Each structure stands twice: as C-alpha cells, then as structure tokens.
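The block underneath contains the structure these notes are about, expressed in structure tokens.
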Amino acid sequence: MNKLENPDRNEIRSILQDAKKIAVVGLSDNPARTSYSVSKAMQDAGYEIIPVNPMIEEALGVKAVPTLKDLPESVDIVNVFRRSEFLKELAEDYLETDAPVFWTQLDVIDEEVYKNLTDQGRKVIMDRCIKVEHSITQP
Numbered sequence: 005m006n007k008l009e010n011p012d013r014n015e016i017r018s019i020l021q022d023a024k025k026i027a028v029v030g031l032s033d034n035p036a037r038t039s040y041s042v043s044k045a046m047q048d049a050g051y052e053i054i055p056v057n058p059m060i061e062e063a064l065g066v067k068a069v070p071t072l073k074d075l076p077e078s079v080d081i082v083n084v085f086r087r088s089e090f091l092k093e094l095a096e097d098y099l100e101t102d103a104p105v106f107w108t109q110l111d112v113i114d115e116e117v118y119k120n121l122t123d124q125g126r127k128v129i130m131d132r133c134i135k136v137e138h139s140i141t142q143p
C-alpha cells in the first residue's frame, strides 16, 4: 500500500490554473520522447516551459538549464521526467527553489521523497501525467 496521497482533481485544477511556468526536469529535445510531447502540449496550452537537462542545448525553442539550481527565474511547477531513483537528489535541488509544486510523471514514485517534501510544506503530485490531468481538469 503506498502512502502517497495526491491532491484531488479540484486541487489539481486549481494548481494548473494558477501555474504559468513549468520547469521540466529531463525534457528531451527528441520529439519522439514522451517528455517532449507532454511538454509541447503544455506549451501549446499556454504554459512557459523551461527545459532542465544538462545533455541538451534547448528544447521547444527554449534554452535549457543544466539543473534546477540554474533556473533563471521562479517557476510554479517542477515536472520530473526522470526515473524514481533520481528523485532523492532532485528533491534536494528542488528544495533550494521556491517552486510550490513538485510533480512526477507516471510510474515515478518515491515515498520517502514524498514525505520529506510534504513535511516541508511543498505540494507533491506523483505518478500522474500533467498533460492528462490538464486535459481532464481544464475547461
């Protein structure tokens, strides 16, 4: 039994309505990758996307930054496209930002990270696709 309790759909709707900027950790510059198609859909829906990936120069027409510590400005959501084993280290970097929401994509789960971040007052959504949630919750 997992101990994760994601916000309900009404709260997710509110988070997505309030958000303007999304930092996407692990965003690929390859259009065949899920991170690219999901981020493009969010960009097309009006969100500003900031790629966070040390392996690329840019994605979706936006210059990439190597790590969350390199973000040039505040973001509303950190959306993670990395495997679960990388979440602990990413969460440490995330806590150095002022982003209110830490969101991981489908099958990306770490209960210890979830507890640590929620204990520190951050909103955590795990194992949910932001594109799917957007399509379900937005008018």
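Residue 143, in my numbering, is where the sequence shown stops; the numbers in between run on with no holes.
Note that CB positions come from ideal geometry on N, CA and C, so glycine has one too.
Every value quoted in this text rests on a predicted model; they were computed, and no experiment measured them.
* Asked: Got a sec? Which residues, its chain only, sit under 8 Å from Glu100 by beta carbon, not counting five neighbours each side?
  -> Leu72 and Lys73
* Could you name the residues of the same chain whose beta carbon sits closer than 6 Å to that of Glu62, not counting the 5 residues immediately before and after it, in chain order? => Excluding sequence neighbours, Glu62 sits near Ala68.
* Asked: Got a sec? Which residues, its chain only, sit under 7 Å from Met46 by beta carbon, not counting five neighbours each side?
  -> Ile26, Ile53, Ile134, Lys135 and His138
* In chain order, what residues of the same chain lie with their CB nearer than 8 Å to the CB of Thr38, ignoring the 5 residues before and after it? -> Phe85 and Gln109
* Asked: Does the beta-carbon of Met59 have 16 or more other beta-carbons within 10 angstroms, so that it is buried, or is it exposed?
  -> By the neighbour-count rule (16 or more Cβ atoms within 10 Å), Met59 is not buried but exposed.
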